[in-house]
Structure formats: C-alpha cells, structure tokens
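Engineer: Can you read through this structure? Questions will come right after.
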Amino acid sequence: MSEQNTRRMLLENLYQLTKLALRQAKIEYVEALNSTLAERETVLATMWGYDPQQGLPEIAPDSKLVKKPEPNAEDNELFEEIRDLDRQLVSVLKHNMNKLNDEKLRLNNGQKYMNDVRDVYKSISKSRYLDHVG
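As structure tokens, this is what we get:
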C-alpha cells in the first residue's frame, strides 16, 4: 500500500473515531468514549510516526523541530472536518464537566464520573496535534 493510501486510510479512521467519540460524549457514555479516544490516539500516534503502543507525548511537537505530515489537497477537506468535530467534542465535554460540577453535590458517584470525564478531556486535548497539520 502506498504511503498516500495509508495516510488516507488513517485520516478516514481518525474521522470515524472522532464522529463516534462526539456521539458518545453527547449521550455521556463515558466508558465507551474513553476506549474510542484511546483508539483515536493510536491513529494519531501512527500518523505522527510515534509508537502506537506508547501513544502521543504529553507535549505537542514544535512544528519547527518535527517533520509534519504533509496532507494533499484531498486530505485538507477531511482535516478540516476532523478539526470541526474536535471543536464540537471539546465543547460537549466542557458542557458535560460543567453539568457534573453542578450535579457533584447531589450525586454519590459524581466524583468518579467527573474523574472519568476529566480523563476524556485530557485525552481529547491531544487533538492539538491536528493544529500542526494542514
């Protein structure tokens, strides 16, 4: 498989995983969302040339120091759709966290659920890798 075909396949996989994560976040299905975001991070790590088993580093690469993946014209549209989905996902997660902060006093298991959502939010913050591409 050519490098361009591999890249396109990874982008399409990233797009589908991001759409799924957004749906899961909207219905507050946190356990599945954590799994989806872990898969998404594996795809991003592969795209950036990191070991997929180790995932992405905590700090986004300096665009001057790291060779960025170079999308072709066809990929740019898909990147924009993925970025848009990322923005929506972050917005939904922020809304969920705010709602949990309000509900925390009423729920016995609110803290565990909030911690799960914070883990998800930390994971999605790695979407900043997309800002270095395109």
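Sequence positions in the sequence shown follow my numbering and run 895 to 1028. Virtual Cβ for every residue (Gly too), placed ideally from N, Cα, C.
#1: Which runs of the alpha helix (DSSP H) fall wholly inside the stretch 897-972 and span at least 4 residues, in chain order?
#2: Apart from the five residues just before and just after residue 975, which ones in its own chain have a Cβ nearer than 7 Å to its Cβ?
#3: When the Cα atoms are used, what is the spatial distance from residue 985 to residue 944?
#4: For the putative contact between residue 1010 and residue 937, defined by C-beta atoms under 8 Å, what is the C-beta separation to the nearest angstrom?
#5: Please check the pair residue 980 and residue 902, which I expect to be a contact at CB under 8 Å, by giving their CB distance rounded to whole angstroms.
Structural biologist: A quick look at the data gives this:
#1: Correct list: 897-920 and 924-942.
#2: Correct list, in chain order: 909.
#3: Taking the CA atoms as reference points, residue 985 sits about 28 Å from residue 944.
#4: Not confirmed; about 22 Å, so no contact.
#5: That belief does not hold up - the Cβ atoms of residue 980 and residue 902 are roughly 19 Å apart, past 8 Å.
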